[in-house]
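The structure appears right after this line, and notes come after that.
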Amino acid sequence: MESGAILLYLSLCFLLALLSYILLVRNKRDGKEKTKLPPGSMGWPYIGETLHLYSQDPSVFFANKQKRYGEIFKTYLLGCPCIMLASPEASRLVLTTQAHLFKPTYPKSKESLIGPSALFFHQGDYHARLRKLVQSSLSPEAIRNLVSSIGAVAISALDSWASTHVIRTFTEMKKASFEVGILAIFGHLETHYKHELKKNYSIVDGGYNSFPSKLPGTPYKKALLARKRLSKILNEIICERKEKMTHEKDLLGCLLNFKDDKGEILNEDQIADNIIGVLFAAQDTTASVMTWILKYLYDNPKLLEMVTAEQMAIHMSNNESDSQLTWVQTRNMPVTHKVISETLRMASIISFTFREAVADVEYKGYLIPKGWKVLPLFRNIHHSAEFFTSPQEFNPSRFENPPKPNTFMPFGSGVHACPGNELAKLEMLVMIHHLVTKFRWEVVGSEAGIQYGPFPVPMHGLPARFWRKSTI
Ligand code: HEM
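Residue 1 is where the sequence shown starts when you use full-length UniProt numbering, and the numbers rise one by one after that.
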């Protein structure tokens with residue numbers, strides 16, 4: 001009888017425990033279900049809304065979605081569920097305050113072309129250490145000595161355009177920004193190395209946005225082979241630099257001098273991946289913004305007059321000498337600086353960036369599930385009437401007052417913000433100085449519109465004709 005009571009007691013205890021467990025699990029599940037996914041449409045199975053995105057201007061696609069669903073919405077693109085964020089506050093969360101919960105994410109095919117050790121594929125310690133290094137080699141102190149070399153690149157480019165007929169501005173700007181990238185990475189580099197790097201890099205560039213097929217003869221396969229050759233050329237340059245035992249302050253010098261807490265140095269592949277990474281990050285971005293600047297100045301003759309007056313005053317104070325332009329003068333070009341900022345806003349060439357949630361994150365009562373892609377939409381913020389009055393109007397004077405925090409992010413924000421932003425701006429200032437003081441240009445053809453490759457540039461890369469002012 002006594003043992004029967006014990007058995008009954010134990011059975012009751014077991015039932016109670018089971019009941020509590022079931023209730024606990026249900027509560028937990030309910031809690032998670034309460035945090036719902038953001039509104040939005042996931043489109044067709046697997047392809048999602050990819051076709052919608054590619055069948056129209058991507059800016060219109062995202063703007064329409066924001067109009068319909070608000071500042072946070074879900075969609076399904078390129079085989080991935082995505083959460084889009086179109087508010088300054090949400091971008092700050094992803095890029096700055098909770099950046100550790102959102103890792104950078106790129107397709108494997110692109111990572112193989114650039115090199116897996118490149119800065120922007122990483123998070124945490126390796127990223128932080130490397131970033132400090134890249135940032136220091138591109139800081140204002142490090143690049144202030146490049147003004148005259150960048151000037152020489154700009155003048156040589158402009159002269160070559162003026163002696164031909166119609167050029168595609170974007171294609172030519174790409175050549176100039178490649179040269180500037182080389183300057184920042186290597187300082188002086190022998191012509192044959194420069195030639196080999198340029199030749200192979202352009203093949204990599206050509207395959208970057210192609211279908212990643214490894215079949216012989218495809219642009220992607222050719223790009224992979226060119227990438228291998230680039231590693232070989234870079235290894236030769238690295239060996240030569242090591243033999244010379246010079247302590248240069250350019251990016252290569254910084255990468256070679258790198259030692260972590262344990263005294264570990266970077267190996268040749270890590271150095272090569274980061275050099276290709278910086279070249280990649282520097283070229284099309286700067287070239288597309290410079291192409292837009294030329295378009296906006298051409299379309300706004302009054303503004304061009306103001307920029308020319310500002311630059312002519314500097315040119316005259318340098319006794320019309322091209323080589324006299326100084327770093328300090330580039331800091332004192334208020335009209336030109338505003339034109340650059342407004343171009344960065346209007347063109348928003350990096351319309352958004354990609355991250356991936358490494359854990360479930362709750363934002364404003366919505367669930368951002370672990371593993372989903374998260375895209376802060378810079379362009380939507382830059383083009384919002386809430387933060388920029390008449391956002392579709394090109395109006396540099398709006399930058400007389402600084403924009404509200406996290407509403408102007410052409411160079412990103414937070415741990416992965418662009419370390420090359422000062423170099424990019426310097427390149428633009430120097431290019432504009434030589435352009436407007438000595439040259440005149442005319443945009444050819446009347447076809448308006450934007451072309452994506454993948455950054456937005458004016459249609460056909462802005463065909464234009466250039467003249468030296470004195471020869472008119
Ligand atoms: C107008 C020209 C440029 C624009 C608009 C631009 C924009 C950006 C943006 C938005 C990011 C952040 C991407 C993200 O958060 O996912 C970024 C990152 C980066 N940019 Fe730029 N960039 C420009 C020029 C340059 C130049 C000239 C260099 C180097 C010489 C450079 C090197 C980099 C690197 C290395 C990163 C990765 C940083 C990291 O992951 O920590 N960029 N850039």
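Ideal Cβ placement from N, Cα and C applies to all residues, glycine included.
So, under 8 angstroms CB-CB, residue i and residue j are touching, yes? Tell me the CB distance rounded to an integer number of Å.
i, j, result
"Ile340", "Gln329", "Their Cβ separation, rounded to whole angstroms, is 15 angstroms, which puts Ile340 and Gln329 out of contact at 8 angstroms."
"Glu342", "Pro396", "4 angstroms"
"Arg468", "Phe439", "6 angstroms"
"residue 478", "Met290", "Outside the modelled stretch of the chain, which goes from 1 to 472, sits residue 478, for which no answer is possible."
With DSSP as the reference, label residue i as helix, strand or coil.
i, result
"Lys370", "coil"
"Tyr46", "coil"
"Pro376", "strand"
"Met333", "coil"
"Lys157", "First, the amino acid is wrong: residue 157 is Ala here, not Lys. The answer is helix: DSSP assigns Ala157 an H, G or I state."
"Gly40", "strand"
"Met84", "strand"
"Lys194", "helix"
"Pro104", "strand"
"Ile167", "strand"
"His460", "helix"
"Thr471", "The pLDDT assigned to Thr471 is 46, lower than 50, so where the model puts this residue is not dependable, and the model offers no usable value."
"Phe280", "helix"
"Lys74", "strand"
"Gln135", "helix"
"Ala450", "It should be pointed out that residue 450 corresponds to Ile in this sequence rather than to Ala. Here Ile450 sits in strand by DSSP."
"Phe352", "coil"
"Phe399", "helix"
"Phe388", "coil"
"Phe455", "coil"
"Phe466", "strand"
"Leu51", "helix"
Count the other CB atoms, across all protein chains shown, that sit within 10 Å of the CB of residue i; report buried if there are 16 or more and exposed otherwise.
i, result
"Arg29", "For Arg29, the predicted model reports a pLDDT of 46, less than 50, meaning its position is unreliable and no value from the coordinates is stated."
"Pro458", "buried"
"Lys74", "buried"
"Cys82", "buried"
"Phe211", "exposed"
"Tyr220", "buried"
"Arg227", "buried"
"Pro334", "exposed"
"Met428", "buried"
"Trp441", "buried"
"Arg68", "exposed"
"Val361", "buried"
"Gln217", "It should be noted that the sequence gives Gly, not Gln, for residue 217. Under this definition Gly217 is an exposed residue."
"residue 517", "Shown here, the chain extends from 1 to 472; a query on residue 517 therefore has no answer."
"Pro140", "exposed"
"residue 475", "Residue numbering for the chain in the displayed model covers 1 to 472; residue 475 lies beyond these limits and cannot be assessed."
"Ile22", "Unreliable placement is indicated for Ile22, whose pLDDT of 47 sits below 50; no coordinate value is reported for it."
"Tyr296", "buried"
Determine the extent of the beta strand (DSSP E) in which residue i is found, giving its start and end residues.
i, result
"Arg440", "439 to 443"
"Ala357", "355 to 357"
"Leu255", "Segment 251 to 257 is the alpha helix (DSSP H) holding Leu255; no beta strand (DSSP E) there."
"Glu362", "361 to 363"
Got a sec, what are the start and stop residues for the alpha helix (DSSP H) residue i sits in?
i, result
"Gln123", "Note, Gln123: premise wrong, no alpha helix (DSSP H); not H, not E."
"Met312", "301 to 317"
"Gln66", "58 to 69"
"Arg110", "The question names Arg, but residue 110 in the sequence shown is Lys. It spans 108 to 114 - the alpha helix (DSSP H) in which Lys110 sits, taken as one unbroken run."
"Pro219", "219 to 244"
"Ala142", "140 to 143"
Should residue i be counted as a contact of the ligand SAH given a C-beta to heavy atom distance under 7 angstroms?
i, result
"Glu342", "The model on display carries the ligand HEM but not the ligand SAH."
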